[in-house]
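Structure first, commentary second.
Protein chains in written order, with our numbering: chain A, 3 to 129; chain B, 2 to 370.
Okay, structure coming up:
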C-alpha cells in the first residue's frame, strides 16, 4: 500500500537547491502527488508535462530509437523542467527548478528519485 | 469524431485568432454607454400566459402553480440583473392596457427596448391576437426600428406535432402578409413554439436573450475553439439562475441535450442548497459536477463566473484526458473574463479599446502532438 503522506514527504526531499516543485502525474494528466511551495498552477503544470511527454512518446518511432523515452529536460523562459517515467504503470515524475539550476544536477536528482520510486510504484496497476 | 485517435483530438487551446468580431457593431456602444438596462417587453392578449412565462423562467415557479396566477392588472417591471448574468429588465404588460393611449410615454418606453415578445395563445382563436400583434408591431417599429420582434406561439403542449407546425405556418403567413400589405417589408418577425410544461420556453427565451448580447459571436467563437480542441461533443454556457443558455458552440442544438443540461443544473443547485456552505456560496468559483450516463456519455459542469456555468457533453473516451480539458476550460474562462472586461473598461472610459486584451495572446502556448 502507498501511504500518501509518506509519498509527499519523499517527493519533498528533492525540493532543495533551486528545485521548487516535485510532482507525480499519471498518463491522463491528473495529479497523483505533489510537493512544493507557493504554487497554485500545479495542476496545469502536471497536465502540460504529461501532454508533452505523450507527444514525444507517440512520435518517438520516427525520431528516437525504439527502446522508449527515458527522460526529457526542457529549458524554458522562467525555469527548467525534468520529466521521467517512474514505475511501470505510466506514472511520470516531474521536477520544476529555477533557471539557475544546472541541467546535470536536475537530471541526477530526477534519476535518483525515479529509481527509488520504481519499487513502491510498481504496486500501482496501470489503468 | 468516431474514429478519433485518443491523442490527436487534443491540443492545448490557442486563441490567437481575431476574437472580437462583435466590436464593430454599434449596438455594443448603445448597450454600454447608457445607464438604463435594455428592456424586454412581454405583450399579448389577456390570459395568453405572459406572467406565467416570466414566473417560470425567472422565478422558478412550477408550471402547475401558474394556473392559480391572477390576471396582471398593471405593468410589472422585473429586474433580473441582480442575481443573474442577464442584465435586463423584463416588463410584463397586461393585455387590457393599451400602450398607445397618450398617457403612456411611448417614446420613452420603446427607446430603451431591445426586444418585444408577443405571446399568442395557440389553443385559442388567434385572429384577434394577430390583429393586436400587427397594430403593436407596426407602431413600435415606427417609434424604434431597432427593436427585435419575437412571437411566442404559446401553450402548444396540448397540440399534436402536425397541428403545431400547421399553426406556426398559418400564424407566420398571416402575420407576414399583413405586414407586407402595410409596406413594412424590412420588419422581421421570429416565431417560436413554446410551452411552460417543457423546456421549449427556456430555449426560446435563450434565443431572444442571445440576440441582445453584443458579445455573442465572440463567445460562440471561443466555445467552438474549445470544442474542437477538447474532444467535447457539445457545450453550453448557462446562466445559472434562469437556466437560459447564453451561448453555445457552432454545432446545432439538440433539444434533448439541452434538457439534460437543464436537469443537471437543477440537480447541482438542489445539492448546493442542501449541502452547500451558505457563507461561501457567493465567492466560490470552482464548482464542478460530473454525471456519467449509462450510454457512455458524460456531463461535465464547471463554474466560469458567479452567474455562468459551462456544461459539456462528451464521450467516455474523451474524458480520460480530463487534465487537458480542465486546462482548456481555464483558458476559456480567462478568455470569457477578458471579453467582459472589454465592456467594463469601455464603460469606465466611455469608449471602446481597439485592441483586445494582451492576456489572450499569452494563451497561444501550444503542446500539440
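Even glycine gets a Cβ: it sits at the ideal position worked out from N, Cα and C. Since the model is a prediction, treat every value here as computed from it, not as a measurement.
When 7 Å is used as the limit between beta carbons, residue 62 of chain A is near no residue of chain B, the shortest such separation being about 12 Å.
If you check each beta-carbon in the segment 309–326 of chain B against every beta-carbon of chain A, the ones closer than 7 Å belong to 321, 322, 323, 324 and 325.
Just measuring C-alpha positions, the residue of B:326, B:290, B:94 and B:119 sitting nearest residue 224 of chain B is B:326. Within chain B, the residues 324 have their CB atoms less than 7 Å from the CB of residue 52 of chain A, given in chain order. Inter-residue distance for residue 217 of chain B and residue 232 of chain B is about 22 Å (C-alpha atoms, whole angstroms).
Secondary structure within the segment 223–258 of chain B: the beta strand (DSSP E) runs of 3 or more consecutive residues, fully enclosed, are 235–240 and 246–249 (chain order).
Rounded to the nearest angstrom, the gap between the Cα atoms of residue 112 of chain A and residue 101 of chain A is 16 Å.
Cβ neighbours of residue 246 of chain B within its own chain (closer than 6 Å, five residues either side excluded): 207, 237 and 239.
Residue-level contact by beta carbon holds for residue 328 of chain B and chain A, with a gap shorter than 9 Å.
About 11 Å separates the beta carbons of residue 152 of chain B and residue 116 of chain B, which is beyond the 8 Å limit, so they are not a contact pair. Among the residues facing chain B, residue 35 of chain A is not included, as its CB has no counterpart in that chain under 9 Å away.
Rounded to the nearest whole angstrom, the C-alpha separation of residue 271 of chain B and residue 265 of chain B is 10 Å. Bounds of the alpha helix (DSSP H) holding residue 181 of chain B are 162–182.
Listed in chain order, the positions of the segment 332–343 of chain B with a beta carbon within less than 7 Å of a beta carbon of chain A would be empty, since no residue qualifies.
The three-state secondary structure of residue 267 of chain B, taken from DSSP, is helix. Here the alpha carbons of residue 56 of chain B and residue 62 of chain B stand approximately 6 Å from one another. Residue 289 of chain B and residue 33 of chain A have their alpha carbons spaced roughly 17 Å apart. Nearest CB-CB separation between residue 32 of chain A and chain B: below the 9 Å threshold. Beta bridge pairing from DSSP links residue 84 of chain A with A:75 and A:97. Look at residue 109 of chain A: its C-beta is not under 9 Å from any C-beta on chain B. Contact annotation, residue 9 of chain A with residue 25 of chain A: C-beta distance approximately 11 Å; criterion of less than 8 Å not satisfied. DSSP places residue 148 of chain B in no beta strand (DSSP E); its state is neither H nor E. Against residue 117 of chain A, chain B offers no close residue; the least beta-carbon distance is about 26 Å (beta-carbon pairs closer than 9 Å).
Judged by DSSP in its simplified three-state form, residue 50 of chain A adopts helix. At a cut-off of 9 Å between beta-carbon atoms, residue 10 of chain A makes no contact with chain B. Of all C-beta pairs linking the segment 137–146 of chain B to the segment 104–122 of chain B, three or more are shorter than 8 Å, placing the two stretches in contact. In the DSSP secondary-structure assignment, residue 119 of chain B is bridged to B:44 and B:152. The beta carbon of residue 74 of chain B sits closer than 7 Å to the beta carbons of 95 from its chain, once the five residues preceding and following it are set aside; these are given in chain order. For residue 46 of chain A, the nearest CB of chain B lies under 9 Å from its own CB, placing it at the interface with that chain. Assignment of beta-bridge partners to residue 35 of chain A by DSSP yields A:26.
For residue 108 of chain A, same chain residues with a beta-carbon under 8 Å away, outside a window of 5 residues either side, are 21, 75, 82, 84, 97 and 99 in chain order. A buried status is given to residue 250 of chain B, since no fewer than 16 other beta-carbon atoms sit within 10 Å of its beta-carbon.
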